[in-house]
Amino acid sequence: MAQARIPIPGATDPLGTLTLTAAVAQGIAGKGPDSLIVGELASEVQAANAKIPAALAAHHEAKKLQLQLEKLYEIRDAAVAECVPLNQRASKALQGNLGKGRLREMGDYGFTVNDSAPAAKKA
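The sequence shown: position 52 = 58 (the numbering used here), numbered continuously.
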């Protein structure tokens with residue numbers, strides 16, 4: 007028979023960690039004086055267990071906010087997807103209408119114009 011492995015959830019699985027701590031605390035309370043976890047460790051687990059309801063509420067609130075955040079990003083990304091080709095077309099139209107000598111005037115329309123000499127390429 008293979009040796010048993012005991013997976014312990016870490017910081018990357020907060021819900022699993024909280025659930026396991028609550029189960030350990032319940033096991034300590036259920037066994038009472040016959041518990042194999044005693045003393046300072048048992049006290050610390052029970053103290054941590056008292057904080058779990060608030061932590062679970064915060065976890066669920068964070069999940070709700072995450073969904074709301076995703077919806078907000080979808081709205082933003084839809085507007086960006088519409089604006090990118092319009093900005094490209096506007097740039098092309100201005101370049102065609104202004105000509106090479108007057109490209110600095112594109113700054114009046116919000117474009118950043120860099121007319122400094124390009125840096126020399128290093129070999």
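Glycine included, each C-beta is placed from N, C-alpha and C at the ideal position.
Supposed contact pair residue j and residue i - C-beta distance, whole angstroms, cut 8 Å
{"i": "V119", "j": "R108", "result": "10 Å between Cβ atoms; not a contact."}
{"i": "P15", "j": "L26", "result": "6 Å"}
{"i": "H65", "j": "P20", "result": "6 Å"}
{"i": "N55", "j": "A87", "result": "48 Å between Cβ atoms; not a contact."}
Proximity winner among the options, relative to residue i (alpha-carbon distances)
{"i": "I34", "options": "Q72, K69, T25 and A48", "result": "A48"}
{"i": "G116", "options": "A96, A87 and G105", "result": "A96"}
{"i": "A61", "options": "K98, G36, G22 and P13", "result": "G22"}
{"i": "L24", "options": "N103, L42, L104 and Q52", "result": "Q52"}
{"i": "Q101", "options": "M112, L71 and A126", "result": "M112"}
Residue i to residue j span [Cα, whole Å]
{"i": "A29", "j": "V90", "result": "52 Å"}
{"i": "I81", "j": "K69", "result": "19 Å"}
{"i": "A17", "j": "I58", "result": "15 Å"}
{"i": "S122", "j": "A85", "result": "32 Å"}
{"i": "N185", "j": "L73", "result": "Residue 185 is absent from the model: the chain starts at 7 and stops at 129."}
{"i": "A126", "j": "A63", "result": "58 Å"}
{"i": "A8", "j": "L75", "result": "45 Å"}
{"i": "L71", "j": "Y79", "result": "12 Å"}
Interface flag, residue i vs chain D, CB-CB below 7 Å
{"i": "A125", "result": "Absent from the structure is chain D; it holds one protein chain and no more."}
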